[in-house]
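Structure first, then comments.
Protein chains: 2
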Amino acid sequence: MLEQNVRRQLIDIVGEAYFKDDNEALVTHSYDATPMVQAMPDAVIYPENKEQIALILKLANEHRIPIVGRGAGTNLCGGTVPVEGGIVLVMNRMNRLIEIDQDNLTATFQPGLNTKHFHMALEELGLFYPPDPSSMVISTLGGNIMECAGGLRGLKYGTTKDYVLALEAVLPSGEIIRTGGKLYKDVAGYDLTKLLVGSEGTLAIITEATVKLLPAPKYKQTMLAMYKDIHAAARTVSKIVGNRIIPATLEFLDNATLRVVAEFNKLDLPLDMEAILLIEQDGDDEASIRRDIEQIVDICRQEGAAQVQMARDAEEADKLMTARRSALSTLARIRPTTILEDATVPRSKIAEMVLAINEIARKYNVHICTFGHAGDGNLHPTCTTDARNHEEIERVEQAFAEIFEAAIELGGTITGEHGVGMVKAPYLEWKVGPVGIEIMKGIKQVFDPNNIMNPGKIFARETRKRVVVQK
Amino acid sequence: MLEQNVRRQLIDIVGEAYFKDDNEALVTHSYDATPMVQAMPDAVIYPENKEQIALILKLANEHRIPIVGRGAGTNLCGGTVPVEGGIVLVMNRMNRLIEIDQDNLTATFQPGLNTKHFHMALEELGLFYPPDPSSMVISTLGGNIMECAGGLRGLKYGTTKDYVLALEAVLPSGEIIRTGGKLYKDVAGYDLTKLLVGSEGTLAIITEATVKLLPAPKYKQTMLAMYKDIHAAARTVSKIVGNRIIPATLEFLDNATLRVVAEFNKLDLPLDMEAILLIEQDGDDEASIRRDIEQIVDICRQEGAAQVQMARDAEEADKLMTARRSALSTLARIRPTTILEDATVPRSKIAEMVLAINEIARKYNVHICTFGHAGDGNLHPTCTTDARNHEEIERVEQAFAEIFEAAIELGGTITGEHGVGMVKAPYLEWKVGPVGIEIMKGIKQVFDPNNIMNPGKIFARETRKRVVVQK
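First to last, the sequence lines map onto chains A and B.
Residues in the first sequence are numbered consecutively from 0, following numbering that gives the first Met the number 0.
Residues in the second sequence are numbered consecutively from 0, following numbering that gives the first Met the number 0.
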């Protein structure tokens with residue numbers, strides 16, 4: 000609980016209306032989209048500007064009060080759960096789209112801006128900001144930046160870090176720094192911009208960002224390829240890129256995901272397929288997209304696709320992409336608890352990874368279906384379970400530990416786009432090694448010597464023991 | 000000078016043949032491509048592998064001996080001048096192209112690999128690694144990574160940091176870390192890969208890198224637009240991108256540069272033009288490139304280009320691009336000393352920046368011509384002078400300080416692609432502020448607590464006083 004005089008000072012900074020510590024506010028901000036993690040904050044504050052944030056952080060730093068920045072709370076790593084209490088800083092009042100600079104092709108905004116609203120504002124001008132996390136209807140750009148959000152277009156267009164050019168951020172000391180600029184080239188010292196992107200609120204609170212924009216591609220074409228053999232689908236993914244075609248989207252859904260997604264979205268798809276690829280190409284030239292798609296169709300057929308199908312029109316294409324994006328919420332209807340993971344491997348290892356996941360699921364007798372961004376190797380093995388069944392949850396956790404281990408063995412990582420947060424902290428050392436952890440802790444210490452910024456995230460009290468994956 | 004026992008141990012690590020401290024070796028490694036900076040090392044060592052490097056760094060760390068990593072020494076910021084003595088670690092024995100992975104579209108190599116050789120090896124396979132610093136015939140990829148090299152394709156394709164996916168690096172402690180992977184998506188902790196790119200040898204010695212590749216574009220078209228008015232050229236640059244066309248190359252040469260480049264390369268170009276734009280578009284579709292180029296031609300004419308000219312064939316295009324790349328060496332023939340700078344501004348500010356440069360040159364009565372990567376705002380104001388004329392050099396330095404100041408005033412930076420090194424260290428604080436400097440120093444301390452890694456670079460003993468630019 001906050002000391003009375005600190006509480007008073009915080010209210011003086013933001014005003015009565017924007018400081019809350021009633022039970023409803025605290026409970027509402029005790030969890031995020033991540034299952035099975037919850038902790039109560041001591042206060043919830045809605046700052047209006049960077050000056051207020053600077054005062055809040057300075058005060059919190061003096062009194063060693065944890066600060067947890069929060070956008071829309073859609074993250075899947077427990078990133079905004081106030082696990083050590085303290086203040087949840089909700090950024091939704093700072094949601095202004097400050098500028099779209101059409102000469103420099105940049106946009107500048109405050110962190111609370113909704114991702115989808117931003118996309119729509121750009122669309123009207125024929126502009127394009129590629130990162131499209133599946134949560135984008137709800138998520139904020141500040142949250143996207145803090146977690147380095149990816150999405151369906153990673154293979155061709157990269158992720159959030161490939162677009163952020165400049166940041167304004169408040170340090171725990173209350174000092175404000177500005178990094179980068181409207182510049183594609185800037186090598187003045189270490190790249191603090193890229194260091195802050197994906198730092199999960201553990202270094203600073205960002206108060207403004209400038210991102211790079213692209214001209215919106217004029218045309219797109221969407222297609223489906225369906226397989227009775229997972230291997231054939233995975234080989235297709237490698238072969239498309241091996242043939243020097245980089246599609247805008249190259250999504251994979253296994254049979255279990257296909258079934259629920261098709262049913263929920265009333266899609267007429269054959270349910271006896273083991274795997275399905277959802278492929279989209281975009282560009283400024285219709286003929287060249289058609290050529291790419293024709294070549295992709297040939298590859299799908301050569302690799303043994305049982306069925307290949309074009310989206311008839313933009314509406315059908317949109318329906319398919321929306322269905323894919325709804326995979327998490329659709330799967331969540333099956334059982335009380337849905338754990339969506341994020342193991343990522345080099346693209347060429349997708350078949351091996353999917354098979355490893357299935358084998359591990361069998362071994363622990365848990366239900367895992369897999370979908371994800373096959374083009375960039377970012378898979379989402381998703382377990383539908385029940386948090387109240389402790390014995391089953393124990394098995395689920397063992398299964399996921401083994402899945403992370405398998406991903407690393409294949410040259411991959413424990414998280415492609417969700418972040419480490421609380422839930423993957425015990426596994427971070429598996430990926431980056433003890434020296435990597437020490438360096439990261441050292442960097443954290445430079446920004447945040449009193450460990451008030453989102454404490455308990457990224458770095459675990461205890462690293463999990465590595466399991467040995469059976470070959 | 001090294002202590003005898005340290006010298007002995009170093010020889011034991013690499014063998015007699017690869018340890019040199021004769022005068023010739025020391026003098027040869029006392030300077031790089033940067034004018035007017037020189038300092039003698041105590042030894043020059045040519046390691047064969049990371050294990051040797053680990054032993055060397057550990058020993059150097061114990062004895063507080065500076066370590067200066069060096070590729071081909073083509074940098075322009077004094078980055079490889081051993082300003083505090085110590086050991087120059089020449090990486091040219093570690094020049095192996097380890098793998099081109101066509102399924103994952105990645106390449107893995109040792110840092111001493113020549114940039115141009117790498118490009119050629121990829122070309123044979125229809126692959127493409129965009130960063131193309133003008134020094135690429137000589138430079139190494141390790142040097143490119145340490146300085147975050149850019150080049151002529153920054154606007155469309157980004158710079159080195161947009162391609163490096165994974166690094167292996169030796170820390171001053173002798174410990175070896177591996178960052179990233181063959182992964183487009185990886186958010187497991189802070190992004191140490193991007194932090195090391197552009198760290199100018201001040202944090203670690205990299206021993207292996209994996210970069211992302213692209214399919215080589217199948218077609219390209221090159222053109223020239225010539226202007227009697229610099230403003231018109233600059234407006235054209237903004238308008239091309241404002242019209243949603245992103246050319247692969249969009250280079251600017253002023254009259255002074257045009258004259259020497261045309262003469263030296265025997266190009267038949269009108270010498271009465273104030274500015275010239277060299278524009279190239281590439282892609283997989285000829286029709287769409289033609290459309291882009293036609294639209295660019297229209298824009299050039301609308302903005303008052305005096306002459307627009309297509310490259311007749313690939314040979315002529317190549318000749319033009321090679322002429323542009325030779326600008327530095329061509330200008331270097333005019334007077335004994337050539338200082339090529341790297342001030343960068345948002346693309347929309349190019350006209351203002353070029354005019355500011357010309358005004359500053361007049362004010363200090365120095366000869367500065369300007370060329371550069373207009374598409375990404377990265378200009379290279381280049382002064383031809385004589386290092387022996389101290390009075391003139393004083394004026395040159397004042398002029399450049401004012402140019403940096405002007406770039407920052409316009410929302411730009413002191414260095415777009417050359418790095419800070421020694422020569423821009425006194426100005427870094429102008430760009431990143433005192434708090435930015437403190438954070439960067441803190442990060443340096445985490446990796447290199449004894450300050451043995453390329454000491455005297457990035458961080459200046461004394462920051463220059465800011466001048467106030469006359470408006």
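We treat Cβ as the ideally placed atom computed from N, Cα and C, and that holds for glycine.
Check	Outcome
Taking MET272 of chain A as the reference, give the member of A:THR384, A:GLN306 and A:SER325 with the closest Cα.	A:GLN306
I need the straight-line Cα distance from ARG334 of chain B to GLY415 of chain B, nearest angstrom please.	25 Å
Taking Cβ-Cβ distances shorter than 8 Å, what residues in chain B pair up with GLN493 of chain A?	Limits of chain A in this structure are 0 at one end and 470 at the other, which puts residue 493 of chain A out of reach.
I'd like to know whether the C-beta of THR158 of chain B is nearer than 8 Å to at least one C-beta of chain A.	yes
Closer than 7 Å, Cβ to any Cβ of chain B: which residues of the region 312-344 of chain A, in chain order?	THR343
Nearest to ASN94 of chain A by alpha carbon, out of A:GLY432, A:ASN48, A:PRO129 and A:THR178?	A:ASN48
Could you have a look at LEU319 of chain B and say whether DSSP puts it in helix, strand or coil?	helix
Between LYS184 of chain B and chain A, is the shortest Cβ-Cβ distance under 8 Å, so that the two count as touching?	yes
In whole angstroms, what separates the C-alpha of ARG332 of chain A from that of LEU75 of chain A?	17 Å
If you draw a straight line from the alpha carbon of VAL434 of chain B to that of GLU174 of chain B, how long is it in whole angstroms?	29 Å
Which runs of the beta strand (DSSP E) at least 3 residues long sit entirely within the region 123-168 of chain A? Give them in chain order.	none
Compare the C-alpha of ASP375 of chain B against each of B:LEU56, B:LYS155, B:LEU1 and B:SER29 and name the closest.	B:LYS155
Step through the CB atoms of chain B and report whether any lies within less than 8 Å of the CB of PRO129 of chain A.	no
Report the residue from B:ARG243, B:SER134 and B:VAL431 whose alpha carbon sits nearest the alpha carbon of SER325 of chain B.	B:SER134
What residues from chain A crowd round ARG346 of chain B, counting only those whose CB sits closer than 7 Å?	ASP102 and ASN103
For ARG6 of chain A, tell me which candidate among A:ALA59, A:ASN22 and A:PRO34 has the shortest Cα-Cα distance.	A:ALA59
Looking only at its chain, what residues have a beta carbon closer than 7 Å to the beta carbon of VAL163 of chain B, apart from the 5 residues adjacent to it on each side?	ILE144, THR192, VAL196, ALA208 and VAL210
Can you pull the chain A neighbours of LYS430 of chain B, defined as C-beta to C-beta under 7 Å?	ALA187
Do we get a CB-CB distance below 8 Å when we pair ASP228 of chain A with the residues of chain B?	no
If we define contact as Cβ-Cβ less than 8 Å, is ILE55 of chain A a contact residue for chain B?	no
Along chain B, in chain order, which residues have C-beta atoms closer than 7 Å to that of SER478 of chain A?	No information on residue 478 of chain A is available, as it lies outside the stretch 0 to 470 that chain A covers here.
Can you look up ASN22 of chain B in the DSSP assignment and give me helix, strand or coil?	helix
When you compare the CB of GLY371 of chain B with every CB in chain A, is at least one pair closer than 8 Å?	no
Within a Cβ cutoff of 6 Å, which residues of the same chain sit near ALA350 of chain B, ignoring the five residues on either side of it in sequence?	HIS230 and ALA233
Is PHE108 of chain B helix, strand or coil by DSSP?	strand
I'd like to know if SER237 of chain B contacts chain A, where contact means its C-beta is closer than 8 Å to some C-beta of that chain.	yes
Look at the Cβ atom of ALA71 of chain B, then the Cβ atom of MET452 of chain B, and state whether they are nearer than 8 Å.	no
Can you look up LEU330 of chain B in the DSSP assignment and give me helix, strand or coil?	helix
How many Å lie between VAL468 of chain B and ALA322 of chain A at the Cα?	Unreliable placement is indicated for VAL468 of chain B, whose pLDDT of 48 sits below 50; no coordinate value is reported for it.
Going straight from the alpha carbon of LEU427 of chain B to that of PHE458 of chain B, what length do you get?	8 Å
Just grab the DSSP bridge partners of ARG177 of chain B for me.	B:GLU167
For a test of the three-state rule: what should DSSP assign to TYR45 of chain B, helix, strand or coil?	coil
Are the Cβ atoms of LEU54 of chain A and ILE12 of chain A separated by less than 8 Å?	yes
Do the CB positions of LYS184 of chain A and GLY149 of chain B come within less than 8 Å of each other?	yes
Bridge partners of LEU339 of chain A, per DSSP?	A:THR381
Let's see if you can read the secondary structure: which residues bound the alpha helix (DSSP H) around MET309 of chain A?	MET309 of chain A -> not in any alpha helix (DSSP H); beta strand (DSSP E) instead, spanning 306-309.
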